[in-house]
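What follows is one structure encoded as C-alpha coordinates, with my remarks underneath.
Residue numbers (the working numbering): -15 to 168.
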(Lines of atoms letter the chains of each structure in order from A and count residues from 1; the text may use other names and numbers.)
(Lines give C-alpha, C1' and ligand atoms only; values in the text may rest on other atoms or scores of the structure.)
Protein backbone atom coordinates (compact mmCIF):
# COMPACT_ATOMS: atom_id res chain seq x y z
CA UNK A 1 0.00 0.00 0.00
CA UNK A 2 2.87 2.40 0.73
CA UNK A 3 4.24 1.84 -2.78
CA UNK A 4 0.93 3.05 -4.23
CA UNK A 5 0.79 6.25 -2.22
CA UNK A 6 4.45 7.02 -2.95
CA UNK A 7 3.96 6.38 -6.68
CA UNK A 8 0.85 8.56 -6.67
CA UNK A 9 2.31 11.50 -4.76
CA UNK A 10 6.07 11.28 -5.32
CA UNK A 11 6.66 9.90 -8.82
CA UNK A 12 8.62 12.92 -10.13
CA UNK A 13 11.08 12.73 -7.23
CA UNK A 14 11.31 8.94 -7.41
CA UNK A 15 12.32 9.03 -11.07
CA UNK A 16 14.60 12.03 -10.59
CA UNK A 17 12.89 14.80 -12.56
CA UNK A 18 12.10 16.82 -9.42
CA UNK A 19 14.29 17.41 -6.34
CA UNK A 20 11.70 16.13 -3.88
CA UNK A 21 8.04 15.47 -3.17
CA UNK A 22 5.97 15.40 -0.01
CA UNK A 23 3.31 12.98 1.07
CA UNK A 24 1.21 13.00 4.22
CA UNK A 25 0.26 9.57 5.55
CA UNK A 26 -2.47 8.94 8.11
CA UNK A 27 -1.07 6.67 10.80
CA UNK A 28 -4.37 4.81 11.08
CA UNK A 29 -4.16 3.74 7.42
CA UNK A 30 -0.50 2.73 7.71
CA UNK A 31 0.00 1.02 11.08
CA UNK A 32 3.47 -0.23 10.07
CA UNK A 33 4.53 2.95 8.28
CA UNK A 34 7.85 3.45 10.03
CA UNK A 35 8.90 -0.17 9.49
CA UNK A 36 7.82 0.01 5.83
CA UNK A 37 9.77 3.26 5.30
CA UNK A 38 12.85 1.72 6.91
CA UNK A 39 12.58 -1.38 4.70
CA UNK A 40 12.12 0.71 1.55
CA UNK A 41 15.08 2.91 2.46
CA UNK A 42 17.27 -0.16 2.90
CA UNK A 43 16.51 -1.10 -0.70
CA UNK A 44 16.09 2.27 -2.43
CA UNK A 45 19.00 4.13 -0.81
CA UNK A 46 21.29 2.02 -3.01
CA UNK A 47 19.72 3.86 -5.97
CA UNK A 48 20.03 7.25 -4.23
CA UNK A 49 16.31 7.37 -3.35
CA UNK A 50 15.52 8.41 0.21
CA UNK A 51 12.34 8.66 2.26
CA UNK A 52 12.60 10.73 5.44
CA UNK A 53 10.11 11.78 8.06
CA UNK A 54 9.94 15.58 8.08
CA UNK A 55 7.54 15.75 10.99
CA UNK A 56 4.71 13.90 12.63
CA UNK A 57 1.75 14.50 14.85
CA UNK A 58 -0.52 11.98 16.58
CA UNK A 59 -2.58 11.49 13.39
CA UNK A 60 -0.16 11.89 10.49
CA UNK A 61 3.41 11.60 9.28
CA UNK A 62 4.80 13.96 6.64
CA UNK A 63 7.35 12.22 4.43
CA UNK A 64 9.78 13.77 2.00
CA UNK A 65 10.94 11.61 -0.90
CA UNK A 66 14.06 12.64 -2.79
CA UNK A 67 17.13 11.62 -4.70
CA UNK A 68 19.93 12.73 -2.41
CA UNK A 69 22.35 13.85 -5.12
CA UNK A 70 19.68 15.78 -7.05
CA UNK A 71 18.29 17.54 -3.97
CA UNK A 72 21.78 18.38 -2.69
CA UNK A 73 22.78 19.86 -6.06
CA UNK A 74 19.54 21.84 -6.24
CA UNK A 75 19.92 23.28 -2.74
CA UNK A 76 23.51 24.29 -3.48
CA UNK A 77 22.56 26.59 -6.34
CA UNK A 78 23.70 30.04 -5.28
CA UNK A 79 20.27 31.66 -5.45
CA UNK A 80 18.63 28.80 -3.50
CA UNK A 81 21.36 28.85 -0.83
CA UNK A 82 20.95 32.60 -0.39
CA UNK A 83 17.17 32.31 -0.22
CA UNK A 84 17.20 29.52 2.36
CA UNK A 85 19.95 31.23 4.36
CA UNK A 86 17.65 34.26 4.67
CA UNK A 87 15.18 31.93 6.41
CA UNK A 88 17.74 30.71 8.92
CA UNK A 89 19.03 27.59 7.16
CA UNK A 90 22.73 26.83 7.56
CA UNK A 91 23.37 25.70 4.02
CA UNK A 92 26.98 24.77 4.81
CA UNK A 93 25.86 22.15 7.35
CA UNK A 94 24.63 19.64 4.76
CA UNK A 95 21.39 18.19 3.47
CA UNK A 96 20.43 16.33 6.63
CA UNK A 97 20.67 19.53 8.68
CA UNK A 98 18.62 21.47 6.12
CA UNK A 99 15.89 18.81 6.19
CA UNK A 100 15.99 18.73 9.99
CA UNK A 101 15.57 22.52 10.10
CA UNK A 102 12.70 22.32 7.60
CA UNK A 103 10.99 19.69 9.76
CA UNK A 104 11.35 21.93 12.80
CA UNK A 105 9.88 24.86 10.87
CA UNK A 106 6.89 22.74 9.92
CA UNK A 107 6.39 21.42 13.46
CA UNK A 108 6.92 24.67 15.34
CA UNK A 109 5.01 27.18 13.27
CA UNK A 110 1.31 27.80 12.89
CA UNK A 111 1.97 28.75 9.27
CA UNK A 112 3.46 26.28 6.81
CA UNK A 113 6.98 27.43 5.89
CA UNK A 114 6.72 28.72 2.34
CA UNK A 115 10.43 28.25 1.75
CA UNK A 116 9.59 24.57 1.35
CA UNK A 117 9.01 25.41 -2.31
CA UNK A 118 12.79 25.63 -2.73
CA UNK A 119 13.13 22.02 -1.55
CA UNK A 120 10.36 20.97 -3.95
CA UNK A 121 12.00 22.60 -6.96
CA UNK A 122 9.49 25.39 -7.49
CA UNK A 123 10.85 28.38 -9.42
CA UNK A 124 12.34 30.87 -6.98
CA UNK A 125 10.52 33.79 -8.62
CA UNK A 126 7.18 32.04 -7.98
CA UNK A 127 8.14 31.34 -4.35
CA UNK A 128 9.04 34.99 -3.79
CA UNK A 129 5.80 36.15 -5.44
CA UNK A 130 3.72 33.71 -3.41
CA UNK A 131 5.27 34.96 -0.18
CA UNK A 132 4.96 38.64 -1.14
CA UNK A 133 1.33 38.38 -2.29
CA UNK A 134 0.30 35.89 0.42
CA UNK A 135 -0.78 33.50 -2.33
CA UNK A 136 -2.98 35.98 -4.17
CA UNK A 137 -2.95 37.03 -7.83
CA UNK A 138 -1.27 34.03 -9.40
CA UNK A 139 -1.53 33.52 -13.16
CA UNK A 140 -2.01 29.76 -13.01
CA UNK A 141 -2.28 26.98 -10.44
CA UNK A 142 -0.91 23.46 -10.78
CA UNK A 143 1.78 21.82 -8.65
CA UNK A 144 2.40 25.32 -7.30
CA UNK A 145 0.97 28.79 -7.83
CA UNK A 146 2.58 30.26 -10.93
CA UNK A 147 3.35 33.97 -11.09
CA UNK A 148 5.87 34.19 -13.92
CA UNK A 149 6.48 31.61 -16.67
CA UNK A 150 3.09 29.96 -17.22
CA UNK A 151 4.10 28.22 -20.45
CA UNK A 152 7.09 26.47 -18.88
CA UNK A 153 5.13 25.68 -15.72
CA UNK A 154 2.37 23.99 -17.75
CA UNK A 155 4.99 21.88 -19.56
CA UNK A 156 6.49 20.89 -16.19
CA UNK A 157 3.08 20.01 -14.76
CA UNK A 158 2.35 17.85 -17.81
CA UNK A 159 5.70 16.09 -17.42
CA UNK A 160 4.96 15.41 -13.73
CA UNK A 161 1.47 14.14 -14.59
CA UNK A 162 2.80 11.76 -17.25
CA UNK A 163 5.51 10.51 -14.90
CA UNK A 164 2.93 9.84 -12.19
CA UNK A 165 0.62 8.08 -14.62
CA UNK A 166 3.39 5.76 -15.84
CA UNK A 167 4.68 4.90 -12.36
CA UNK A 168 1.23 4.36 -10.88
CA UNK A 169 0.35 2.06 -13.80
CA UNK A 170 3.40 -0.11 -13.09
CA UNK A 171 2.60 -0.31 -9.38
CA UNK A 172 -1.04 -1.14 -10.10
CA UNK A 173 0.16 -4.00 -12.31
CA UNK A 174 1.88 -5.46 -9.26
CA UNK A 175 5.43 -4.13 -9.48
CA UNK A 176 6.95 -2.83 -6.27
CA UNK A 177 9.08 0.30 -6.10
CA UNK A 178 12.00 -1.97 -5.32
CA UNK A 179 11.39 -3.95 -8.51
CA UNK A 180 11.03 -0.79 -10.58
CA UNK A 181 14.04 1.11 -9.28
CA UNK A 182 16.43 -1.61 -8.15
CA UNK A 183 16.15 -4.06 -11.08
CA UNK A 184 19.01 -2.52 -13.04
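We put the CB at the ideal spot given by N, CA and C, even for glycine.
Sequence-distant Cβ neighbours of residue 39 in its own chain, meaning closer than 7 Å and more than five residues away, are 46, 87, 90 and 91. Distance from the CA of residue 83 to the CA of residue 48, rounded to the nearest whole angstrom, comes to 9 Å. Contact between the segment 62 to 69 and the segment 11 to 18 is absent, with fewer than three C-beta pairs closer than 8 Å. Bounds of any beta strand (DSSP E) do not take in residue 74, whose DSSP letter is neither H nor E. Residue burial annotation: residue 33 is buried, with at least 16 other C-beta atoms found within 10 angstroms of its C-beta. The DSSP-derived three-state label of residue 144 is helix. Taking 8 Å as the cut-off, the Cβ atoms of residue 161 and residue 55 do not count as close.
Given a length threshold of 3 residues, the segment 53 to 138 has no whole run of the beta strand (DSSP E) inside it.
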